[in-house]
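Residue numbers (our numbering): 3 to 76.
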């Protein structure tokens, strides 16, 4: 088993196998939809990858900000 496979297995065990697969599937579907939407634009593949990287990096930054924001308890 590779190091990446071990990490994925550990994450799956931490959050639950079903949720892990659902999350991976949703992210993969979103990436494919983004690439499909860029397909009709006359830009090279490297630019598409750079753009997708930017979008997902921003999404990860937003997630970190959300997780670090104090939550009010009812």
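Quick reminder that beta carbons are idealized off the backbone N, C-alpha and C, glycines included.
What you are looking at is a predicted structure, and each value in this text was computed from that prediction instead of being measured.
Beta-carbon proximity check, residue i vs residue j, cutoff 7 Å
i, j, result
"residue 50", "residue 40", "yes"
Presumed contact (8 Å Cβ cut-off) between residue i and residue j, rounded CB distance
i, j, result
"residue 14", "residue 33", "The pair is not a contact, with the Cβ atoms about 19 Å apart (cut-off 8 Å)."
"residue 44", "residue 57", "Wrong, their Cβ atoms sit about 19 Å apart, outside the cutoff."
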